[in-house]
Ligand SMILES: NC(=O)c1ccc[n+]([C@@H]2O[C@H](COP(=O)([O-])OP(=O)(O)OC[C@H]3O[C@@H](n4cnc5c(N)ncnc54)[C@H](OP(=O)(O)O)[C@@H]3O)[C@@H](O)[C@H]2O)c1
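Residue numbers (this note's numbering): -8 to 238.
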């Protein structure tokens, strides 16, 4: 039985992915900043561990407690929507600490054991925002686009050790906790000078033609983990798939 460690399992895509792999006979280490057992099914194959991907000490403790890991899914992330001019630099750094440096730190933490075993897969969850530039998402897109480049390059050197590295690019899900999981309010990031520009964009955001479901992301992560054909990118959700085909 193989073991997968997933970051950011308290809600949304990470929670669904943990459920998905548990139901398919994987050992799942579901990590959360504030661990909760009650949101996942009871299973001998499931462990919940505390993990904050912005803390080196927390990462070291989680990796030590986890034992051998066959698959790492870097899913934890936070968003920021608003005019770039009005987005405080401390918040931009926080977004990069989680979405970019958190992914890199987790990846460095699992490489040695995977390299020694000459096996393993690392899946980095980015966003469909990397497939086509979206307005009012400059800092967030930058944090995810960095991981797109990082992953493509890393796949070459880790491929030398039979470690696979993949990207899952989810589209927009109106149903996850993503909009609430931010310490800055969108309204505070739209100065008056941007109001006329932002209004039609927020109207369009409110009525998306296509969206992504949590299960779409869990299935794409499953395909990425099991891919033996050397694919790098796995768009997830109808909107992301449409964007990737247009790109
Ligand atoms: N929803 C969308 O529309 C969308 C679209 C494209 C890509 N994505 C990406 O998909 C991933 C999952 O998002 P989601 O929609 O499922 O949002 P979500 O419901 O807010 O889940 C994000 C998870 O990340 C965790 N997290 C945040 N900061 C963390 C940290 N420092 N250390 C560890 N965990 C942390 C959150 O845990 P806490 O409960 O502790 O805050 C939460 O469990 C993210 O990387 C996001 O950027 C989302």
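Cβ coordinates follow ideal geometry from the N, Cα and C atoms, glycine included.
Only a predicted model underlies this, so the values are computations on that prediction, with no experimental measurement involved.
Under three-state DSSP, which class holds residue i?
i	result
residue 160	strand
residue 225	strand
residue 116	strand
residue 59	coil
residue 69	coil
residue 33	coil
residue 15	coil
residue 266	Given that the chain is displayed from residue -8 to residue 238, the structure contains no residue 266 and the question cannot be resolved.
residue 44	coil
residue 90	helix
residue 98	helix
residue 10	helix
residue 122	coil
residue 145	helix
residue 137	helix
residue 169	coil
residue 26	coil
residue -8	coil
residue 202	coil
residue 182	coil
residue 128	coil
residue 74	coil
residue 251	Because the chain here runs from -8 to 238, residue 251 falls outside it and cannot be looked at.
residue 79	coil
residue 2	coil
residue 195	helix
residue 238	coil
Just to check my reading of the structure: residue i and residue j have Cβ atoms closer than 8 Å, yes? What is that Cβ distance to the nearest angstrom?
i	j	result
residue 36	residue 19	6 Å
residue 235	residue 122	5 Å
residue 160	residue 119	5 Å
residue 238	residue 203	About 16 Å separates the two Cβ atoms, so there is no contact after all.
residue 180	residue 78	6 Å
residue 114	residue 212	6 Å
residue 67	residue -1	3 Å
residue 60	residue 101	6 Å
residue 53	residue 111	Their Cβ separation, rounded to whole angstroms, is 16 Å, which puts residue 53 and residue 111 out of contact at 8 Å.
residue 69	residue 126	With 8 Å as the limit, residue 69 and residue 126 do not qualify as a contact, their Cβ atoms being about 19 Å apart.
residue 11	residue 116	Incorrect: roughly 14 Å between the Cβ atoms, too far for contact.
residue 223	residue 146	6 Å
residue 71	residue 82	6 Å
residue 251	residue 74	In the structure displayed, the chain extends from -8 to 238; residue 251 sits before or after that span and is not available.
Strictly by DSSP, which residues pair up with residue i?
i	result
residue 216	Bridge partners of residue 216: none, in fact.
residue 21	-3 and 39
residue 155	112
residue 64	-3 and 114
Check the Cβ-Cβ distances between residue i and every residue of chain B, and say whether any is below 7 Å.
i	result
residue 165	Given the protein chain composition of this structure (a single chain), no chain B is represented.
Can residue i be considered in contact with ligand 3, in the sense that its beta carbon sits closer than 6 Å to one or more heavy atoms?
i	result
residue 221	In the structure on display, ligand 3 does not appear, and the ligands it does have are ligand 1.
Looking at C-beta atoms only, is the number of pairs between the region 197 to 213 and the region 162 to 175 that lie closer than 8 Å three or more? yes
Would the region 152 to 161 and the region 214 to 225 be scored as touching if the rule is three or more Cβ pairs under 8 Å? yes
Using 8 Å as the threshold, is the region 39 to 48 in touch with the region 134 to 154, meaning 3 or more CB pairs across them? no
Please confirm if the region 86 to 96 is in contact with the region 42 to 49, defined as three or more CB-CB distances below 8 Å between the two stretches. yes
Can you find at least 3 beta carbon pairs, one from the region 123 to 131 and one from the region 167 to 175, that sit closer than 8 Å? no
Sufficient close CB pairs (3 or more, under 8 Å) joining the region 90 to 104 to the region 26 to 35: no
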